[in-house]
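In this note's numbering, the protein residues as written are 821 to 1357.
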């Protein structure tokens, strides 16, 4: 042991004091207690003594070389194992770093090349190992980000292919084989050049697929809109103008509206229209019944104007039966309209909205129809009254002047054998068949008898009163009563026919009294008067 007063002993003491002071400062900084300080000092002292004792014992002990080798060999083997383990870690880290670097740089085909570490020149310390681990983590993060970018494009293409029914493998395989590779050892190329090319290609493909998708969606939207319009047309409901074909096309082309949202909106409108049609079904059935009755009414009017409806042609009996059924149906129209109006009012009160039929309120349509029908009925009544008045005027004319002889029947009535004496001593015409040489003999109509009856009337008037002077009577059979008498006389007939009709009793014109009475009614005086006819006694 060194002497206490030697220079070496002084330097050692100074070094120990310095170390103790530094140790005490560290303990003060970290806040160690006095107990911990004493314990650690004792441990340091014990370890120092142990090391010193081993060293002195080995020096004192004269050991042989074999014993020293035996002692050192296990230590060397242990260090070799630790070195091999450390080298293995370095190799794995270096391989992963080289692989990722090659993928990022675009030289992925060189990642399987042999690479070895020069162990004599390599630093196998923990510090170097930590640096490799940090570098590997950075590269792995960059690779993950690149893969994420690639997968975003691939997933978008996959979704578009799924919607459009295209082959996903062929689509991405045309971009780069590694994007849809099936090999186990095949890795996805994530180099800068590949990413740039992939981005350009996928952008073009996505744009094309988006255009195709927009075109398909537009067709689908137009199809759904057409379906909506068909339903609205059948139910006479106004479709929503917000999804009109022109407006929908403009919105899709401009990109202001997502076609999927527009399609969902139209489908919601279809569902709403179907529900509304179901609520309107009862009234719509009554409307169909009403329209069917109106069609029958129109057919019946056309049928009534057909002068050959009673002919014995084929199908005449079928039309007659249909006409009877149509008359029954037409008679029910007022009740159908009234019931439809009451049902519509009840529906509007329940739903708190108007019942529109082709954008027009149904109640307004029905009220207008009722008014038009009433006007039509009044027009028919006026026409019938006018026809009755014309018939009365015709009877009045025949009573005063006699009916016009038929040109076809005149020759037949002039035959002597066409008359015979009746019980009153007068000549009454007898209906005879016209012999014209044809097999079909024709019966004389009752109108043809009026010529002979007119002669009989003249004979009776000649016996009873002074003969009338019919100055204005037409010379031809085809001249009408309106041409014989003037407008004033015709108006006079219309005004006085109701008063004079009561005088037309059993003898068809013999109840007018004398010709002088008739003359007094007309305003008196012979000659032409104010009209075209003159009456003289």
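Every residue, glycine too, gets a C-beta built ideally from N, C-alpha and C.
Beta-carbon gap between residue 1163 and residue 1102 smaller than 8 Å: For the purposes of this step, residue 1163 is taken as the residue at position 343 of the chain shown. For the purposes of this step, residue 1102 is taken as the residue at position 282 of the chain shown. Contact flag set, yes.
Out of 1167, 951 and 966, which one is the CA nearest neighbour of residue 913? As a first step, residue 913 must be located in the chain shown, where it is residue number 93. The shortest Cα separation from residue 913 among 1167, 951 and 966 belongs to 951.
With DSSP as the reference, label residue 1181 as helix, strand or coil. Translated into positions along the chain shown, residue 1181 becomes position 361. Annotated three-state conformation of residue 1181 is strand, per DSSP.
Contact set for residue 981: own chain, Cβ-Cβ below 8 Å, skip 5 residues either direction: On the chain shown, position 161 is the one that residue 981 refers to. For residue 981, where only same-chain residues beyond five positions count, the Cβ hits under 8 Å are 987, 988, 991 and 1029.
Using 10 angstroms around the beta-carbon of residue 1216, count the other beta-carbons present and answer buried if the total reaches 16, otherwise exposed. In the chain shown, residue 1216 corresponds to position 396, counting from 1. Buried.
State the start and end residues of the unbroken alpha helix (DSSP H) segment that holds residue 917. By one-based count along the chain shown, residue 917 stands at place 97. Looking at the DSSP string, the run of the alpha helix (DSSP H) that includes residue 917 is 885-925.
Helix, strand or coil, according to DSSP, for residue 971 in the structure here? Here residue 971 is taken as the residue at index 151 of the chain shown, counted from 1. Helix, per DSSP.
Judging by CA-CA distance, which residue of 1136, 910 and 847 is the nearest neighbour of residue 1365? The displayed coordinates of the chain run from 821 to 1357. Any statement about residue 1365 would go beyond what the structure contains.
Going by DSSP, name the residue or residues bridged to residue 1176. Start at 1 with the first residue of the chain shown, and residue 1176 comes out as number 356. Beta-bridge pairing links residue 1176 to 1181.
From residue 1060 to residue 1182, what distance separates their C-alpha atoms? Position 240 of the chain shown holds residue 1060. Position 362 of the chain shown holds residue 1182. The straight-line gap from Cα to Cα measures roughly 19 Å.
Same chain only: Cβ atoms within 6 Å of residue 1071, ignoring 5 sequence neighbours per side: Translated into positions along the chain shown, residue 1071 becomes position 251. Excluding sequence neighbours, residue 1071 sits near 1077.
With a cut-off of 8 Å, do at least 3 Cβ pairs link the segment 1193-1204 to the segment 1122-1135? No, the segment 1193-1204 is not in contact with the segment 1122-1135.
What are the boundary residues of the alpha helix (DSSP H) that includes residue 1164? The residue given as residue 1164 occupies position 344 in the chain shown. Start and end: 1153-1171.
If we ignore side chains and look at the alpha-carbon of each, how far apart do residue 1058 and residue 1178 end up? Reading the chain shown from its first residue, position 238 is the one you call residue 1058. Reading the chain shown from its first residue, position 358 is the one you call residue 1178. Linking residue 1058 to residue 1178 through their CA atoms gives a straight-line distance of about 6 Å.
Output the boundary residues of the alpha helix (DSSP H) element that contains residue 1124. Within the chain shown, numbered from 1, the residue matching residue 1124 stands at position 304. Note, residue 1124: alpha helix (DSSP H), 1101-1124.
Run the CB neighbour count on residue 864, radius 10 Å, all protein chains shown included, and call it buried at 16 or more, exposed below. Reading the chain shown from its first residue, position 44 is the one you call residue 864. By the neighbour-count rule (16 or more Cβ atoms within 10 Å), residue 864 is not buried but exposed.
CB contact flag (residue 921, residue 956, <8 Å): To locate residue 921, count along the chain shown from 1; it is residue 101. To locate residue 956, count along the chain shown from 1; it is residue 136. Contact check for residue 921 against residue 956 fails: the beta carbons are separated by 8 Å or more.
How far does the alpha helix (DSSP H) with residue 1071 in it extend, from its first residue to its last? Here residue 1071 corresponds to residue number 251 of the chain shown, with the count starting at 1. Residue range 1065-1074 is occupied by the alpha helix (DSSP H) that includes residue 1071.
May I ask you to report which of helix, strand or coil DSSP gives residue 1077? Here residue 1077 corresponds to residue number 257 of the chain shown, with the count starting at 1. In the structure shown, residue 1077 sits in coil (DSSP, three-state: anything other than H, G, I, E or B).
Determine the burial state of residue 1148: buried for a count of at least 16 other Cβ atoms within 10 Å of its Cβ, exposed for fewer. For the purposes of this step, residue 1148 is identified with residue 328 of the chain shown, where counting begins at 1. Flag for residue 1148 reads exposed.
For residue 853, does the count of other Cβ atoms within 10 angstroms reach 16, so buried, or fall short, so exposed? In the chain shown, counting from the first residue as 1, residue 853 sits at position 33. Taking all protein chains shown into account, residue 853 has fewer than 16 neighbouring C-beta atoms within 10 Å of its C-beta and is therefore exposed.
Where does residue 1058 sit, in a helix, a strand or coil, going by DSSP? The count along the chain shown starts at 1 and reaches residue 1058 at position 238. Looking at residue 1058 - three-state DSSP - the assignment turns out to be coil, as it is neither helix nor strand.
Whose C-alpha, out of 1159, 1124 and 1154, is nearest the C-alpha of residue 1142? As a position in the chain shown, residue 1142 is number 322, starting the count at 1. Comparing Cα positions, the closest option is 1124.
Is it right to say residue 973 is buried, meaning 16 or more other beta carbons lie within 10 angstroms of its own, or is it exposed? To locate residue 973, count along the chain shown from 1; it is residue 153. By the 10 Å Cβ count, residue 973 comes out buried.
For the putative contact between residue 1065 and residue 1042, defined by C-beta atoms under 8 Å, what is the C-beta separation to the nearest angstrom? Taking the chain shown and counting its residues from 1, the one referred to as residue 1065 is at position 245. Taking the chain shown and counting its residues from 1, the one referred to as residue 1042 is at position 222. Sure, about 6 Å apart at Cβ, within 8 Å.
Using a Cβ-Cβ cutoff of less than 8 Å, which residues in the same chain neighbour residue 1160 once the five nearest sequence positions on both sides are dropped? For the purposes of this step, residue 1160 is taken as the residue at position 340 of the chain shown. Answer for residue 1160: 1103, 1106, 1107, 1110, 1182 and 1186, listed in chain order.
Alpha-carbon spacing of residue 905 relative to residue 944, whole angstroms: Mapped onto the chain shown, residue 905 falls at position 85. Mapped onto the chain shown, residue 944 falls at position 124. So the two alpha carbons sit approximately 10 Å from each other.
With DSSP run on the structure shown, which of helix, strand or coil describes residue 816? Here the chain has residues from 821 to 1357 only, and residue 816 is not among them.
Look up residue 1012 in the DSSP assignment and say whether it is helix, strand or coil. As a working mapping, residue 1012 is identified with position 192 in the chain shown. It is helical.
Applying the criterion that 16 or more other CB atoms from any shown protein chain within 10 Å of the CB defines a buried residue, is residue 1018 buried or exposed? Taking the chain shown and counting its residues from 1, the one referred to as residue 1018 is at position 198. Buried is the call here.
Could you tell me if residue 839 is buried or exposed, where buried requires 16 or more neighbouring beta carbons within 10 angstroms of its beta carbon? For the purposes of this step, residue 839 is identified with residue 19 of the chain shown, where counting begins at 1. Exposed, since its Cβ has fewer than 16 Cβ neighbours within 10 Å.
Among 1024, 925 and 1049, the one whose alpha carbon lies nearest that of residue 962: Position 142 of the chain shown, counted from the start, is the residue given in the question as residue 962. Proximity to residue 962 across 1024, 925 and 1049 peaks at 925, based on C-alpha coordinates.
Can you tell me whether DSSP reads residue 1137 as helix, strand or coil? The sequence position of residue 1137 within the chain shown is 317, counting from 1. Three-state result, residue 1137: helix.
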